[in-house]
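So the structure is just underneath, and the comments pick up after that.
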Amino acid sequence: MYRVQKVWKSLLSIWFVAATAVMMFRCFVAGAPEEQSRAVIYKILAVIVSVIMPGSMCAMAYYIERLHGRMKEYGIN
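When we follow numbering that gives the first Met the number 0, the leftmost residue of the sequence shown carries the number 0, and every step to the right adds one.
In structure tokens, the structure reads:
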């Protein structure tokens, strides 16, 4: 049962990152410049930011959860 929960949690995190990245990318690209060379650079940077932000949010949430588990393990709090 524990393994199923772990897989489910991982899939939900991947879905969250992907969905948030797509939504952010669409919002960023809506304001893209008209000039072709600048638009390509803008879109590349938009992809990078769109993936890094939700990914780092998930990483922080997992880190906090791991620390909380360790605190329980050591009897703190």
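Where a beta carbon is used, it is the ideal one built from N, C-alpha and C, also for glycine.
Check your understanding: By how many angstroms is the C-alpha of Q35 removed from the C-alpha of I75?
Key -> Walking along the sequence shown from the start, residue 75 turns up at place 76. Walking along the sequence shown from the start, residue 35 turns up at place 36. The alpha-carbon atoms of I75 and Q35 are separated by roughly 57 angstroms.
Review point. In chain order, what residues of the same chain have a beta carbon less than 7 angstroms from the beta carbon of A45, not counting five sequence neighbours either side?
Key: Along the sequence shown, read from residue 1 onward, the residue named residue 45 stands at position 46. Correct list, in chain order: F24, F27, V28.
Point to revise | V6, buried or exposed, once every other Cβ within 10 Å from all chains shown has been counted against 16 | key: Counting from one through the sequence shown, the residue named residue 6 turns up at place 7. Label assigned to V6: exposed.
Check your understanding: Which residues in the same chain have their Cβ closer than 7 angstroms to the Cβ of K42, if we skip the five residues on either side of it in sequence?
Key -> Here residue 42 corresponds to residue number 43 of the sequence shown, with the count starting at 1. Hits under 7 angstroms: V28, A31.
Exercise for review: Could you spell out where the alpha helix (DSSP H) holding A29 opens and where it closes?
Suggested key: As a first step, residue 29 must be located in the sequence shown, where it is residue number 30. Counting along the chain, A29 falls outside any alpha helix (DSSP H), and DSSP gives it neither H nor E.
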